[in-house]
Structure formats: C-alpha cells, structure tokens
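Shown next, in structure tokens, is the structure this report addresses.
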Amino acid sequence: MKTKFEEIVDVNRFGKNDPVNLNELAKLAATEQVSMSDEKILFLGVDVQNDFLEGGTLGVPGSFEDLERTIQFLYAHFDEISHIAVSLDTHFIQQIFHAAWWVDQEGNHPEPMTIISVEDVESGKWQPVKHKEDSLAYVKALEENGQKQLCIWPYHCIEGTTGVMLESQFAKLIHFHSFVHGNPIKKVVKGKGFSEMYGIVQPEVGNEKDESLLSYLRQFDKIIVAGQAESHCVYESVKQIVDYYHEDHAFLKQIYVLADGMSCIPGFEEVSEQGWAELQKSGIQLVNSTDLTL
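Its first residue numbered 12, the sequence shown is counted upward by one per residue in the working numbering.
Here you go:
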C-alpha cells in the first residue's frame, strides 16, 4: 500500500476530538491500489469507543497502547483483511446497570462499581426506582444463570454523546479500508435493552440470539478480534460465538484474539485469565499482533 500510515492516522490524537472527514478519506483512497486476498478475513473491533479509552467515563488502563498495536496490525495487514465489523455499546441513562435505576433507603444512588446482590434487593438495601419485580427477577437471573452479580457501571456510551463514538483514529483507518476494499463496515449496536449486553450475540439475561450476526461471522475464513474490555465485552463476545459454534472446531480454530489489543477493567484480571484459558480449549487462539501472519 502506497498510502503512508501517518497520512491516515495520528497516534498522538488518540482519544481527542478529531472529526473524521470522509470526503478527504475518499479522495485519498481513490489513489490507492491493493492486492486483494483470496481469503475472506474479518477484523472484529469490539467497543473501540471513546468511553472505553483512557480519559473516557469507563476508560480501560492500557487502552491507548492496545489501540496503537491494533491499528498498526490493521495497517500491516490492510490487503489481507477483506472486511471489518465493529460493535457499538449503546446505552441510556435509565438502565438497570446505571446508578439512576437504584436508590438506598435514604434515596441515595449507588456509586459506580457498586455490586448489587439478590440479598441487597430483597432486604431493601438497594431499591429500584421503577420496575421492582422485573429488577429483582433480573438480579436473580444473573446470579442463577450466569453466576454473576449486578455491577453498577459509570454512565458510559450514552446514545448521542461523544463517548459512544468510535475512537477517531481507528474510525479513520477502518473507513479508509472500506473505501479501498469496497466493503461496508458492519456496525453492530448492542446494549439498548433492559439487560446488560456485554457480548455481541445475546444479552446477559434472556435467550434471544442474533442469528443473523452469527451467520454473517460463519462466512469468513479467519476472524481477528480486538477491543475493550478484555474482561467483559471482548471475552463475552468470543464466548458467545464459541458457545454457539462449539461443535464446529474447524471454524473456531480460525478465530484469533489479539492479546495485546485488549486490556482488563481493573479488579477483573484473575477471572478474565481463567475465562480465556477455558475458551482456548475450544480452539480459538490468543496471539500477539506481531506474531500473527495472515
């Protein structure tokens, strides 16, 4: 590729307000010629959004370094990667995992990272402002089905805010890729329902699956995954794909997760390490971006 990395991306502008000028990118892309790969290779960027980067409301430590390695990988394998998909965590203020949903007996809202258990709800320690029966049922379902507890997250990725937007340098590169390869970016919006939705396939509570997305993923010869956070949305996305295609070992062996393209939310490192170790038994591969050849 003749277009220089620096003509598209400015690594010193990570996380900054740097509008993506699609018309300028289109002009630059018109001068580019690439050798298209015979394989269909998908890059899946999970929640590469401003609020999950350092400085964001739920910024993940190390995310800028992860992003630089990911963008360098995308540029290095620009010809080989044929398609790009991204997920967009998208929320409202009044959702069950945000503080506005809950109050204590004095009417105070919980602080971010507060864990709310079934016992907390049943005892009245934390009370939902609305939908009391549904809220208790949700917390019970989390503990019974997923062996998890409800975590109150900082307000993040609120629809209509800059926090929900793709990080601008990443957005520039993937839209440049779309212009050159002629393939639209598949954008998967998740998280607007009653339940939290870490993974791209289904919510934390509920059995509905995005069958259309699962079919879309299956068409590719290889899938490379990176994004934020390693402990939550990246992990759950890959786990949901593995759970659905658990008998399709040949497909799962062609899923590569960039270990140096994601980081954990602090406090979740140990459980994340255990989860990834289990997932690798299915055949998916955890690799560093510099060690993966396409």
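Just so you know, even glycine gets a beta-carbon here, dropped at the ideal spot from N, CA and C. For clarity, every value in this text was computed on a predicted model and none was experimentally measured.
Query, Result
"DSSP three-state label for His94, please.", "strand"
"Measuring CB to CB, does Lys233 end up less than 8 Å from Glu50?", "yes"
"To which residues does DSSP link Ala261 through a beta bridge?", "Paired residues: none, contrary to the question."
"Name, in chain order, the residues that DSSP records as bridge partners for Tyr246.", "Tyr246 pairs with nothing; no bridge assigned."
"By the three-class DSSP mapping on this structure, what secondary structure does Tyr209 have?", "coil"
"Taking only beta-carbon positions, decide if Glu155 is within less than 8 Å of chain D.", "In the structure shown, chain D cannot be found, because there is only a single protein chain."
"Kindly list the residues whose CB is nearer than 6 Å to the CB of His94, restricted to its own chain and excluding five residues on each side of it in sequence; keep chain order.", "Leu53 and Asn194"
"Tell me, which residues are paired with Ile169 by DSSP?", "His102"
"According to DSSP, what are the bridge partners of Gln296?", "Tyr267"
"Nearest to Ser189 by CA position, among Asn28, Ile266, Leu39 and Thr101, is which residue?", "Leu39"
"Which stretch, first to last residue, makes up the beta strand (DSSP E) that contains Leu55?", "Ile52 to Val57"
"Just the Cα atoms here: how many angstroms apart are Asp90 and Gln296?", "22 Å"
"Could you name the residues of the same chain whose beta carbon sits closer than 6 Å to that of Ile266, not counting the 5 residues immediately before and after it, in chain order?", "Ile234 and Ile295"
"Just the C-alpha distance for Lys159 and Met12, rounded to the nearest angstrom, thanks.", "46 Å"
"From the DSSP output, read off the bridge partner residues of Trp113.", "Pro139"
"Thr68 to Val175, Cα distance in whole Å?", "10 Å"
"Rounded C-beta distance between Leu177 and Gln60? I'm assuming under 8 Å.", "6 Å"
"For Val150, which option in Glu130, Gly171, Glu280 and Tyr166 has the closest C-alpha, if you only look at C-alpha atoms?", "Glu130"
"Nearest-angstrom Cα distance between Glu247 and Leu33?", "32 Å"
"Give the straight-line distance between the Cα atoms of His109 and Lys198, rounded to the nearest whole angstrom.", "24 Å"
"If distances are taken between C-alpha atoms only, which option among Met124, Glu122, Thr101 and Lys136 comes closest to Ile169?", "Thr101"
"Do you know how far the Cα of His192 is from the Cα of Ala41?", "11 Å"
"Go to Gly286, then tell me how far its alpha helix (DSSP H) extends in each direction, as first and last residue.", "Glu280 to Gln291"
"Go ahead and pull the three-state DSSP assignment for Ile163.", "coil"
"Can you give the Cα-Cα distance for Gly73 and Pro30, rounded to whole angstroms?", "23 Å"
"Any idea which residues DSSP pairs Ile127 with across the strands?", "Leu161"
"Should Pro277 go down as buried or exposed, given a rule of 16 or more other Cβ atoms within 10 Å for buried?", "exposed"
"If you drop the 5 nearest sequence neighbours on each side, which residues of the same chain put their C-beta closer than 8 Å to that of Leu224?", "Val199, Ile211 and Val212"
"Could you have a look at Ala237 and say whether DSSP puts it in helix, strand or coil?", "strand"
"Counting along the chain, where does the alpha helix (DSSP H) carrying Val191 start and finish?", "Ser179 to His192"
"Can you check DSSP and say which residues form a bridge with Val199?", "Ser98"
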